[in-house]
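> This is the structure I have questions about; it appears just below.
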């Protein structure tokens, strides 16, 4: 019996890569990884592991319909800071999944900063544009499970939130300019957690009794809550 096909957008990126790795470990699904450049070293590495690596463009809905063909599930994620907005990218993903008759879209999103702050913060576009796709999904007719991710643990290093002290090389400084040091923040280790969450959603979708629960509201993909003070305490544990 052939395995159900899962298509992963952004397969060589942080989120998509986590999903691909979890699917490979699971072993129960065929995997098609979508990337902008199938000739990149990261894409070639996935192909060597048995992933069907193909080219796709979030700005080109027709290309997405083609790569979604035959899929049981699609993991959808957008790319920030590109000429095409994340809202339009997300709408293209939803429309293409529907056009290709995909039974399940797992959509990686965020809450609306505008709505959550009651209109105080209206320019946090990477939150609001993703969340606009949530609202689009509500009327699009495409079966979708929405995940709201916490802050990425990887951002400590990827966005230089953890840096060596400029005057004392034995010390490191943690920078969280958007938060008080005592405020707890929802977080997720993308590499270790997100892929497993997505695979669990896909596994449970096969049971129709779960579908209403999975789609009732966005699922918080945020296994922990920590303040900056707690993060520092964890990092320095046993160092003194």
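Residue numbers (our numbering): 5 to 244.
The beta-carbon is built from N, C-alpha and C at its ideal position, and this holds for glycine as well.
Within the same chain, show all residues whose beta-carbon is closer than 8 Å to that of residue 230, passing over the 5 residues directly before and after it, in chain order.
Your numbering for residue 230 matches position 226 in the chain shown. Hits under 8 Å: 188, 189, 191, 238.
> Within 8 Å, do at least three Cβ pairs link the region 43-53 to the region 145-156?
Because the criterion of three Cβ pairs below 8 Å is not met, the region 145-156 and the region 43-53 do not touch.
> When DSSP labels each residue in this structure, what does residue 223 get in the three-state scheme?
For the purposes of this step, residue 223 is identified with residue 219 of the chain shown, where counting begins at 1. In this structure, residue 223 counts as strand in the three-state DSSP scheme.
> Measure the Cβ-Cβ separation of residue 142 and residue 91 and say whether it is below 8 Å.
For this step, residue 142 is matched to residue 138 along the chain shown. For this step, residue 91 is matched to residue 87 along the chain shown. Against a cut-off of 8 Å, the Cβ pair of residue 91 and residue 142 comes out as no contact.
> If we count Cβ pairs, one from each stretch, closer than 8 Å, do we get three or more for the region 159-179 versus the region 206-225?
No: the two stretches stay apart, fewer than three of their Cβ pairs being nearer than 8 Å.
> Is it true that the CB of residue 78 sits closer than 8 Å to the CB of residue 11?
Numbered from its first residue, the chain shown carries residue 11 at position 7. Numbered from its first residue, the chain shown carries residue 78 at position 74. Yes. Within cutoff.
> With C-beta atoms as the reference, is residue 109 less than 8 Å away from residue 98?
Sequence index remark: in the chain shown, residue 109 carries index 105 (1-based). Sequence index remark: in the chain shown, residue 98 carries index 94 (1-based). Taking 8 Å as the Cβ cut-off, residue 109 and residue 98 qualify as a contacting pair.
> Taking a contact to mean a Cβ-Cβ separation below 8 Å, would you say residue 59 touches residue 40 in this structure?
Translated into the one-based positions of the chain shown, residue 59 becomes position 55. Translated into the one-based positions of the chain shown, residue 40 becomes position 36. Yes.
> May I ask you to list the residues that DSSP assigns as paired with residue 167?
For this step, residue 167 is matched to residue 163 along the chain shown. 177.
> Among the residues of its own chain, which have a CB less than 7 Å from the CB of residue 74, if the five just before and after it don't count?
As a first step, residue 74 is located in the chain shown; it is residue number 70 there, counting from the start. Cβ neighbours of residue 74 beyond the five flanking positions: 9.
> Classify residue 40 as helix, strand or coil using the three-state DSSP reduction.
Residue mapping note: residue 40 aligns to position 36 of the chain shown, counting from 1. Residue state, collapsed to three classes: coil.
> Helix, strand or coil, according to DSSP, for residue 55 in the structure here?
Taking the first residue of the chain shown as position 1, residue 55 is located at position 51. In the structure shown, residue 55 sits in coil (DSSP, three-state: anything other than H, G, I, E or B).
> If I follow the unbroken alpha helix (DSSP H) through residue 158, where does it start and stop?
Counted from its first residue, the chain shown places residue 158 at position 154. No alpha helix (DSSP H) contains residue 158, which DSSP labels as neither H nor E.
> With a 10 Å radius around its C-beta and 16 neighbouring C-beta atoms as the bar for buried, classify residue 179 as buried or exposed.
In the chain shown, counting from the first residue as 1, residue 179 sits at position 175. It is exposed - the Cβ of residue 179 has fewer than 16 other Cβ atoms within 10 Å.
> Return yes when the Cβ of residue 185 is within less than 8 Å of the Cβ of residue 221, no when it is not.
What you label residue 221 is simply residue 217 of the chain shown in a count that begins at 1. What you label residue 185 is simply residue 181 of the chain shown in a count that begins at 1. The answer is no: Cβ separation not under 8 Å.
> What first and last residue would you give for the beta strand (DSSP E) that runs through residue 92?
Residue mapping note: residue 92 aligns to position 88 of the chain shown, counting from 1. Residue 92 -> not in any beta strand (DSSP E); alpha helix (DSSP H) instead, spanning 90-103.
> Specify, as a first and last residue, the run of the alpha helix (DSSP H) that residue 121 falls within.
Working through the chain shown from its first residue, we reach residue 121 at position 117. Run containing residue 121: none; DSSP gives neither H nor E here.
> Buried or exposed: which applies to residue 244, given that a residue is buried once 16 or more other Cβ atoms fall within 10 Å of its Cβ?
In the chain shown, residue 244 corresponds to position 240, counting from 1. Bear in mind that the predicted position of residue 244 carries a pLDDT of just 44, short of 50, making it unreliable; the figure below should be weighed with that in mind. With fewer than 16 Cβ atoms within 10 Å of its Cβ, residue 244 is classed as exposed.
> In the DSSP assignment, find the alpha helix (DSSP H) that holds residue 192 and state where it starts and stops.
Taking the chain shown and counting its residues from 1, the one referred to as residue 192 is at position 188. It is not in any alpha helix (DSSP H) - residue 192 instead sits in the beta strand (DSSP E) that spans 189-192.
> Please report whether the beta-carbon of residue 116 lies at a distance below 8 Å from any beta-carbon of chain C.
Any reference to chain C falls outside this structure, which holds one protein chain only.
> Are residue 144 and residue 128 touching if we call contact CB-CB under 8 Å?
Working through the chain shown from its first residue, we reach residue 144 at position 140. Working through the chain shown from its first residue, we reach residue 128 at position 124. Contact: no.
> Please determine, among 65, 18, 195, the residue with the shortest C-alpha to C-alpha distance to residue 227.
Taking the chain shown and counting its residues from 1, one reaches residue 227 at position 223. Comparing Cα-Cα distances from residue 227 to each of 65, 18, 195, the minimum goes to 195.
> The alpha helix (DSSP H) with residue 80 in it runs from where to where?
Position 76 of the chain shown holds residue 80. Not the alpha helix (DSSP H): residue 80 falls in the beta strand (DSSP E), residues 77-80.
> When we look at the beta-carbon of residue 48 and count the other beta-carbons within 10 Å, is it buried (16 or more) or exposed?
On the chain shown, residue 48 is found 44 positions in, with the first residue counted as 1. So residue 48 counts as exposed.
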